[in-house]
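Numbering (UniProt numbering), first residue to last: 1 to 293.
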């Protein structure tokens, strides 16, 4: 048991070490600038998955992985060479949009996540290259070589999938950072201060127990309150710019509507928890988060 536990711990330490490989930073900077510089327009938010409420990349990778696994099954079934080659090709072609979705997410992550993500991308790129060669060899009648390259590609794709899982769940890349907020607050109304504590047109940070909140008082007196840490990567929204009724995260540029917390521009794929606001006759501001407790 101790030997097996040691192997598991060694693997986990190795995976965690990827996020500390500062040597990769020399590559990360230039690649990040290239990815951010591609003129994708509104399509960038589509690749982030804003319209579906979570990153698009994990959904897209199901197509190439499914095609390649199916090809591997057919490779051990006599008389299915043409079908296996077709599936290999489908996997290579469908890997392109999946990779692009992954790259646009990667370019808006923390340094440790980007380091792991770069190794993940290199592993997947190797898998794509092996499958592309497999497709060529199969077309030239070198079936044995094609199968061998296909199984090698599947091993690399599996390794890339493991790294992607580590990135998503161990390093929390792509997860909604505000999901715990309702569970950290008690139900009911909470006092955040007096009206005079919130200057008109200025974002103010307050704390409700463990949860920081952004309080913004509009001209005319209406007060908006949102969870203060960005749902994308926990950026401090109180330090962001507020324009046209929206706040922009200073870290990665996600934009949220103050009125209801809706994310109107990525890379954030989840909205900010928005509080109900009540002002007493003496000017005390109370807030309540629906679903808290």
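Backbone N, C-alpha and C fix where the C-beta goes; we use that ideal spot for every residue, glycine too.
| Item | Value |
| --- | --- |
| Integer-rounded CB distance, given that residue 245 should sit under 8 Å from residue 219 | Rounded, the Cβ-Cβ distance is 11 Å, inconsistent with contact. |
| Outcome for residue 274 when other beta-carbon atoms lying within 10 angstroms are tallied against a minimum of 16 | buried |
| Secondary structure, beta strand (DSSP E): runs of 3+ residues fully inside the UniProt domain "Rieske" (189-286) | 190-194, 203-208, 211-217, 223-227, 241-243, 246-248, 255-257, 263-265, 276-279 |
| Beta-bridge partners of residue 288, as assigned by DSSP | 276 |
| Straight-line gap, residue 45 to residue 267 (C-alpha atoms, nearest Å) | 7 Å |
| Straight-line gap, residue 174 to residue 78 (C-alpha atoms, nearest Å) | 42 Å |
| Near the ligand PLP: residue 209 beta-carbon under 7 Å from a heavy atom | Within the structure as shown, the ligand PLP is missing, as the structure has no ligands at all. |
| Assumed close pair residue 165, residue 68 - CB separation to whole angstroms, cut-off 8 Å | Not quite, the Cβ-Cβ distance comes to about 17 Å (not below 8 Å), so this is no contact. |
| Exposure label - residue 280; buried when at least 16 CB within 10 Å | exposed |
| Cβ-Cβ distance between residue 139 and residue 72 below 8 Å | no |
| Span of the alpha helix (DSSP H) around residue 177 | Neither: residue 177 is in no alpha helix (DSSP H) and is coded neither H nor E. |
| Residue burial classification, residue 56 (beta-carbon count within 10 angstroms, cutoff 16) | buried |
| Cα-Cα separation between residue 178 and residue 234, rounded to whole angstroms | 8 Å |
| Inside the stretch 61-101 only - alpha helix (DSSP H) runs reaching at least 4 residues | 62-74 |
| Contact set for residue 98: own chain, Cβ-Cβ below 8 Å, skip 5 residues either direction | 57, 60, 61, 63, 64 |
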